[in-house]
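This is how it looks when you write it as structure tokens:
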């Protein structure tokens, strides 16, 4: 099932869809994701441009009903997807996080927000209301408690990779072991050709707390088809068109990390030729599944 519905917005007196020139005026598109994986496009018509009526994405008391609903739906989605991390054995204790972009009223993405879990809170205690909302500078906009310590990294990714709608970080055992070795996972499985389009790359060592990790993610993945990177001595980060796609990539990177590790215990894995990897990737991305 595809994770995106076709975006629609009002601009210049006509309805526009994906593929049209992006509006630069006051056309606003809002996308709503639900925790049941159903995507609803909610169209907000031309907004008043009077200074007193202008919505400030960093001030919840100025949000219109449509944007408020979008934020709340995203909080519910992100909360539900956090439950997938312990379910798939990707985290222990309070480690790891999932975030999703909230498209804001500015066509250039400068007013986008992100939803992420609060720092140090048990997965069993997470609720939609406990999810925190931040701007793309990592500043708290809505919610109680400090945001995840990886918020700056997520925010940097959203600011510099406009097509990315979800980011996930885990400390899954096998993928983190590859990160500790500073070694990319070679593409020796058709599953890797399908999902990653090649090896899973290694990103640079970076300290936690500022945007250094985000910079490493963007630098490493900007020229890669892989939706996951192994940050050296840290662990995997995964990206996707939305948070669900990023969670899938996090699950898959742990699976291939484990399988290739076991294969190496038995001998030397056989690499897949680059042209075959291209064919695998093209088929999986464009033909496989429901479109």
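Numbering (this note's numbering), first residue to last: 738 to 1028. No residue lacks a Cβ here, since even glycine has one placed at the ideal position from N, Cα and C.
Quick one: Cα of residue i to Cα of residue j, how far?
i            : j            : result
residue 943  : residue 1015 : 31 Å
residue 1025 : residue 932  : 11 Å
residue 810  : residue 816  : 10 Å
residue 812  : residue 868  : 6 Å
residue 929  : residue 865  : 33 Å
residue 895  : residue 1011 : 30 Å
residue 907  : residue 988  : 9 Å
residue 875  : residue 915  : 29 Å
residue 953  : residue 968  : 8 Å
residue 1018 : residue 926  : 12 Å
residue 986  : residue 801  : 34 Å
residue 842  : residue 799  : 12 Å
residue 856  : residue 1013 : 43 Å
residue 797  : residue 879  : 7 Å
residue 935  : residue 965  : 11 Å
residue 1002 : residue 939  : 21 Å
residue 793  : residue 945  : 30 Å
residue 971  : residue 804  : 35 Å
residue 996  : residue 1022 : 22 Å
residue 777  : residue 831  : Low confidence applies here, because residue 777 scores a pLDDT of 36, under 50, leaving its location unreliable; read the following figure in that light. So the two alpha carbons sit approximately 31 Å from each other.
residue 706  : residue 993  : Any property of residue 706 remains undetermined from this structure, which presents the chain solely from 738 to 1028.
residue 758  : residue 897  : Residue placement at residue 758 cannot be trusted, given a pLDDT of 44 that sits under 50; the coordinates are not used to answer.
residue 883  : residue 950  : 19 Å
residue 962  : residue 860  : 31 Å
residue 924  : residue 877  : 40 Å
residue 1020 : residue 984  : 21 Å
residue 791  : residue 846  : 16 Å
Over what stretch of residues does the alpha helix (DSSP H) that includes residue i continue unbroken?
i            : result
residue 993  : 980-1003
residue 816  : 802-819
residue 906  : Note, residue 906: premise wrong, no alpha helix (DSSP H); beta strand (DSSP E) at 903-906.
residue 954  : 949-958
residue 1017 : 1011-1023
residue 896  : 888-897
Check the C-beta distance from residue i over to residue j and give it rounded, since I have them as a contact under 8 Å.
i           : j            : result
residue 912 : residue 990  : 5 Å
residue 885 : residue 853  : 5 Å
residue 839 : residue 807  : 6 Å
residue 818 : residue 835  : 5 Å
residue 947 : residue 1000 : Not confirmed; about 37 Å, so no contact.
residue 905 : residue 922  : Residue 905 to residue 922, Cβ: 17 Å. No contact.
For the beta strand (DSSP E) that residue i lies in, which residues bound it at each end?
i           : result
residue 836 : 834-839
residue 937 : No beta strand (DSSP E) holds residue 937; DSSP gives it neither H nor E.
residue 853 : 850-853
residue 966 : 965-968
residue 973 : 972-977
Ranges of the beta strand (DSSP E) found wholly within the region 905-932, counting only runs of at least 3: none
Taking three-plus beta-carbon pairs below 8 Å as touching, is the region 967-983 in contact with the region 1001-1014? no
Is the region 953-961 touching the region 891-907, taking contact as three or more C-beta pairs under 8 Å? yes
With three or more beta-carbon pairs closer than 8 Å as the criterion, would you say the region 839-852 touches the region 817-828? no
What are the uninterrupted segments assigned as beta strand (DSSP E) that are 3 or more residues long and contained completely in the region 843-885, given in chain order? 850-853, 869-872 and 877-879
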